[in-house]
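Per this note's numbering: the sequence shown = residues 225 to 300. Report on one structure; see the data block that follows.
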Amino acid sequence: ITLTENGAFAIPALEFRGAPTGIDVAAVVRTGVLPQINTGMAGRVAGTGQVGAGLVTPPMACFTQALEALDALALG
């Protein structure tokens, strides 16, 4: 569901292929496969640093709406 690989971020476990880069909204909508997003949360008090982390999956509506907007731009 990504457009390309970024060679600057090689993944040893994948024979040093580049990290998947650029979510393809059309592929997400077509396949129904949603990306997982690795998140980090900073503390609200300056200097606290990171207070949490996790994985989230965005709703499909983000991608269907993005694809509709891209289609509208393409049609002018």
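Beta carbons: idealized from backbone N, C-alpha and C, even for Gly. No experiment lies behind these values; they were computed from the predicted model shown.
When DSSP builds the beta bridges, which residues end up paired with residue i?
i: R241; result: I235
i: Q274; result: A266
i: T226; result: I247
i: V253; result: Answer is none; V253 lacks a bridge partner.
Sort the options by Cα distance to residue i and report the nearest one.
i: A285; options: F233, T263, P259 and G231; result: P259
i: V252; options: A298, G231 and L227; result: L227
Run the CB neighbour count on residue i, radius 10 Å, all protein chains shown included, and call it buried at 16 or more, exposed below.
i: F233; result: exposed
i: V249; result: buried
i: V269; result: exposed
i: F240; result: exposed
At a threshold of 7 Å, does residue i count as lining the ligand HEM (C-beta to nearest heavy atom)?
i: A266; result: Summarising the ligand content, the structure contains no ligands, and the ligand HEM is consequently not present.
If you run the structure through DSSP and keep just helix, strand and coil, what is residue i?
i: L258; result: coil
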